[in-house]
Structure formats: structure tokens, C-alpha cells
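Asker: Can you keep this structure in mind? I'll have questions shortly.
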Amino acid sequence: MEALWVTGAPGTGKSTTGWGLYTRIAERGGSVVYVDVDQLGLVGPPPGGGDAGHAIKADNVVRLLDLMRRRGVQQVIISGVVDPNSPPCWTGLTLVCLGCDRDELRRRYLGRGSSPDTLDALFEVADVFDRFDDVMDTTGQQPEDTVSELLQHCVVRPGEVQPLTVPTPPPPRVIVVSGATAVGKSTAAWGALQTHWQKGIPTAYVDMAQLGFVHPGPDSVLSAACLSALWQGYHQAGAEVLIVVTRDALPTGIFPEDSVTRVLLDADAATLAERVKRRAAGEGALLAGDELRGASQAVQLDVTARAVAEAERLRHTGQIVLDTTGHNADETTAALLGLTLPQG
Numbered sequence: 001m002e003a004l005w006v007t008g009a010p011g012t013g014k015s016t017t018g019w020g021l022y023t024r025i026a027e028r029g030g031s032v033v034y035v036d037v038d039q040l041g042l043v044g045p046p047p048g049g050g051d052a053g054h055a056i057k058a059d060n061v062v063r064l065l066d067l068m069r070r071r072g073v074q075q076v077i078i079s080g081v082v083d084p085n086s087p088p089c090w091t092g093l094t095l096v097c098l099g100c101d102r103d104e105l106r107r108r109y110l111g112r113g114s115s116p117d118t119l120d121a122l123f124e125v126a127d128v129f130d131r132f133d134d135v136m137d138t139t140g141q142q143p144e145d146t147v148s149e150l151l152q153h154c155v156v157r158p159g160e161v162q163p164l165t166v167p168t169p170p171p172p173r174v175i176v177v178s179g180a181t182a183v184g185k186s187t188a189a190w191g192a193l194q195t196h197w198q199k200g201i202p203t204a205y206v207d208m209a210q211l212g213f214v215h216p217g218p219d220s221v222l223s224a225a226c227l228s229a230l231w232q233g234y235h236q237a238g239a240e241v242l243i244v245v246t247r248d249a250l251p252t253g254i255f256p257e258d259s260v261t262r263v264l265l266d267a268d269a270a271t272l273a274e275r276v277k278r279r280a281a282g283e284g285a286l287l288a289g290d291e292l293r294g295a296s297q298a299v300q301l302d303v304t305a306r307a308v309a310e311a312e313r314l315r316h317t318g319q320i321v322l323d324t325t326g327h328n329a330d331e332t333t334a335a336l337l338g339l340t341l342p343q344g
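Each residue of the sequence shown is one higher than the one before, starting from 1 at the first, in the working numbering.
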């Protein structure tokens, strides 16, 4: 198995390039997994997070790479910032640092909605990454050109799926937030995470969709194993609570059922349609695999129809149902906390 980690300062195109490599390899029939390293360090408050973030992410990458190797994956694509003072140098890992001139970096950074007030700090970070031994200059390059250039560092081949046993994780208190596409589960769960941190409750967060970028896939066994391994890492970092976001109900058997609270976010068809429309207009965080950002009217209609069907099916899965019809994001988060946050 080979692994390619695309790093660099914010705005240099790490995520765009990483996702482009994943989709290019998948389209060619290769066995490939994509990992956004930012998804592997969502734990806090400090000391679980904070300055320990780089080490937590790197340790979790090692855990996931071991699982993927045993599963038979041929190529792993990782994107995200590394510790510039201690970059990873593992066997089988190719580290590529992206860079560009300051005018282009400013344009890209501001173009994604970042604040001009943070440009000086950005340039300081870019100066550090520019001191890496091998920096790939992407000034003037289109993303697809960067992907084509880096594809030579990847293997594009099918792999035979191998049996994989899900490791037994240490017992947590688990909050599983599920629901149909666009119902608002990530937004509500993220708000709940922030409240846990504000109250000093050591809590970790996993979005199962971000663990599911596997070709051929989906691979529920690998996703479950990755979740278990991530919790081991977060528990080691001090987390006591785990918030998991998933569209479908999380399979039983990963965690002891008496430690799991399952909450299904629901909404009527009109509310789902409105939320799909807002997502298409740019509301919410932009994550890998987002099918709605900038989607056409036809795509929005298709996604809405699918979401309504998903909601109808999920209502009959025996979970606590939280009807969010007519709620704004803060109201949904407050209702979720009312069901899951210990009182007192």
C-alpha cells in the first residue's frame, strides 16, 4: 500500500488536490481511500486538543493506515497541514508540500471566504512551509493540472478486499446523531460539541461520511474499524464523550449499547427542501464530497426527493426522534442538548 500526504499552508489547495486525486484514481478503477486529516483531530477542550492537535492527528493517521493496509487498500490520499517542525516520514509515505507566490495565495485564501485580517499570520505559516526541502510550486496552475502532476506518485490498481476485525474500543459515552440528507445533523452535532467543550467536557467528534471515501465502496466494515480506532486515539487524548454523525443509524456492536444515545433528526418535506436550497446556496461548512454546494435546480430536486424518502425510512428504525420542522440551527442544537447533555 502507498500513501500520499498533500500538505502546505492554508489556501494552497491541499483539499482540492487530495479530493481530485481520489476521484481520478477511483474513476480509473483503482483501490483508494481519501482522508482529510482535519477530521482526525476533532477533540477538546485542551489538553486533549489545542497544541497537542498535530500529534493526535498523526497518531490517528497511523491507526487508520494500519487498518487500510490490512483491508487490502492500495492507495491512500491524505490532505491537511502537518507539524512543520516534525513532518511525518513513515515507510511508504510520500509527503508533498504545495506552495504558490504570495499574490496567488492571497487570492485563493480570500476567495474561499477567509478574513483579510489573518493574511499576515497566513504568510508567516507559508514562510515556514516554503522552507521544506521539496515544495511543489502551483502558481498559475489549475487544480486538475496539479492532480495530473501528482498522479505519478500514486498507484492506480485494484485491490483484493481482505477480512478485517473491528478492534474493541474502550467504553465511551456515545451520542449518535443521524438523519436524512440535509436535515441538519452535522450543524446540530457540531453545535453540541462546542457546548460540551465550553462546559469543559472532554469530547470528540466523528462524521462518518468523512470516513467513507473508499473505492470500491461503500465499505461498512472499514468505516466501523476506523471509527473504533479513532475513538481509541481520542480516548487516549483524554476524551470521555464521543459524538458521531451519520446518515443511517450506526450499526450495533461497535460500542456497548447501554453507553449509546441515538437521536434521529427528522423534518417534513418542505423543511428538507428549504434546507437543501440553503445548502446549495453555500450555507454550512464546505466538506469533501459535498454534493450540494452550487448544485443546479435539477440536482436540488433530486436530492430533496431522496432526502424525503430517507426520512420516511429512518422514522421506523427505533431511535429517539427529534422533529426539527421549522427549527433554526440553534433551536435544533438546543433540543439535541436537552436530550443528550447530562443535567446538573
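No residue lacks a Cβ here, since even glycine has one placed at the ideal position from N, Cα and C.
Being a predicted model, the structure only gives us computed values, none of them experimental.
For the putative contact between L339 and V263, defined by C-beta atoms under 8 Å, what is the C-beta separation to the nearest angstrom?
Answerer: Numbered from its first residue, the sequence shown carries residue 339 at position 339. Numbered from its first residue, the sequence shown carries residue 263 at position 263. Indeed, because the Cβ distance is near 6 Å, the residues count as touching under 8 Å.
Asker: First and last residue of the alpha helix (DSSP H) that includes L119?
Answerer: For this step, residue 119 is matched to residue 119 along the sequence shown. Its alpha helix (DSSP H) spans residues L119 to F129.
Asker: Take every Cβ of the stretch 25-32, pair it with every Cβ of the stretch 72-79, and state whether three or more of those distances are shorter than 8 Å.
Answerer: yes
Asker: Please name the residue, chosen from C100, D130 and V308, that lies closest to T325 on a Cα-to-Cα basis.
Answerer: Counted from its first residue, the sequence shown places residue 325 at position 325. Checking every option, the nearest Cα to that of T325 belongs to V308.
Asker: Are the CB atoms of L287 and G179 within a distance shorter than 8 Å?
Answerer: As a position in the sequence shown, residue 179 is number 179, starting the count at 1. As a position in the sequence shown, residue 287 is number 287, starting the count at 1. Result no, Cβ atoms of G179 and L287 do not sit closer than 8 Å.
Asker: Roughly how many angstroms separate the alpha carbons of C89 and D83, rounded to a whole number?
Answerer: Reading the sequence shown from its first residue, position 89 is the one you call residue 89. Reading the sequence shown from its first residue, position 83 is the one you call residue 83. For C89 and D83, the distance between alpha carbons rounds to 12 Å.
Asker: Let me check one thing: in DSSP terms, what residues is T94 bridge-paired to?
Answerer: Locating residue 94 in the sequence shown gives position 94, counting from the first residue. According to DSSP, T94 bridges with L4.
Asker: With 16 as the cutoff for other CB atoms within 10 Å, does R71 come out buried or exposed?
Answerer: The residue labelled residue 71 in the question sits at position 71 within the sequence shown. Buried, because 16 or more other Cβ atoms sit within 10 Å of the Cβ of R71.
Asker: Only counting the same chain, and skipping five residues up and downstream in sequence, which positions put a Cβ closer than 6 Å to that of G11?
Answerer: Numbered from 1 along the sequence shown, position 11 holds the residue referred to as residue 11. L105, R108 and Y109, listed in sequence order.
Asker: Taking contact to mean 3 or more Cβ pairs, one atom from each stretch, closer than 8 Å, check whether the stretch 293-305 and the stretch 274-282 are in contact.
Answerer: Under the 8 Å Cβ criterion, the stretch 293-305 counts as touching the stretch 274-282, having at least three qualifying pairs.
Asker: Could you spell out the range, first to last residue, of the alpha helix (DSSP H) harbouring A229?
Answerer: For this step, residue 229 is matched to residue 229 along the sequence shown. Element bounds for A229: S220 to Q236.
Asker: Do Q232 and P169 count as a contact pair if the criterion is CB distance below 8 Å?
Answerer: For this step, residue 169 is matched to residue 169 along the sequence shown. For this step, residue 232 is matched to residue 232 along the sequence shown. Yes; because the gap between Cβ atoms is below 8 Å, this pair is in contact.
Asker: Assuming G184 and T317 are in contact, meaning their beta carbons sit under 8 Å apart, how far apart are those beta carbons, in whole angstroms?
Answerer: Indexing the sequence shown from 1 puts residue 184 at position 184. Indexing the sequence shown from 1 puts residue 317 at position 317. Actually they do not touch by this definition, with Cβ atoms about 18 Å apart.
Asker: To the nearest angstrom, report how far apart S114 and L122 are at their CA atoms.
Answerer: Stepping through the sequence shown from its first residue, residue 114 is reached at position 114. Stepping through the sequence shown from its first residue, residue 122 is reached at position 122. Approximately 10 Å between the Cα atoms of the pair.
Asker: In this structure, how does DSSP classify H215 when only helix, strand and coil are distinguished?
Answerer: The residue given as residue 215 occupies position 215 in the sequence shown. DSSP places H215 in strand when its eight states are reduced to three.
Asker: Can you name, in chain order, every residue of its own chain whose Cβ lies under 6 Å from the Cβ of A335, other than the five neighbours on each side?
Answerer: Locating residue 335 in the sequence shown gives position 335, where the first residue counts as 1. For A335, where only same-chain residues beyond five positions count, the Cβ hits under 6 Å are L322.
Asker: Which same chain residues end up closer than 6 Å to T57 when comparing Cβ atoms and leaving out the 5 residues on each side of it in sequence?
Answerer: Here residue 57 refers to the residue found at position 57 when the sequence shown is read from its first residue. Per the sequence shown, the amino acid found at residue 57 is Lys instead of Thr. So the qualifying residues of the chain are V37, L40 and G41.
Asker: Within the same chain, show all residues whose beta-carbon is closer than 8 Å to that of K14, passing over the 5 residues directly before and after it, in chain order.
Answerer: Start at 1 with the first residue of the sequence shown, and residue 14 comes out as number 14. Around K14: V6, T7, G8, S79, G80, V81 and L98.
Asker: State the CB to CB distance for the pair G92 and E149, rounded to an integer number of angstroms; the pair is presumed to be in contact (CB under 8 Å).
Answerer: As a working mapping, residue 92 is identified with position 92 in the sequence shown. As a working mapping, residue 149 is identified with position 149 in the sequence shown. So it is not a contact: roughly 21 Å between Cβ atoms.
Asker: How many whole angstroms separate the CB atoms of I175 and V241, which I take to be in contact at a CB cut-off of 8 Å?
Answerer: As a working note, residue 175 is residue 175 in the sequence shown. As a working note, residue 241 is residue 241 in the sequence shown. So it is a contact: roughly 7 Å between Cβ atoms.
Asker: In whole angstroms, what is the alpha-carbon distance linking G49 and V43?
Answerer: Residue numbering aside, residue 49 sits at position 49 when the sequence shown is read from its first letter. Residue numbering aside, residue 43 sits at position 43 when the sequence shown is read from its first letter. Its pLDDT being 48, under 50, G49 is placed unreliably by the model, and nothing is read from it.
Asker: Use the C-beta contact count for A285: other C-beta atoms within 10 angstroms, 16 or more gives buried, fewer gives exposed.
Answerer: Counted from its first residue, the sequence shown places residue 285 at position 285. With fewer than 16 Cβ atoms within 10 Å of its Cβ, A285 is classed as exposed.
Asker: Measure the beta-carbon distance from A229 to L67 and round it to whole angstroms, keeping in mind my assumption that it falls under 8 Å.
Answerer: Within the sequence shown, the letter at position 229 stands for residue 229. Within the sequence shown, the letter at position 67 stands for residue 67. Yes, A229 and L67 are in contact; Cβ-Cβ is about 6 Å, under 8 Å.
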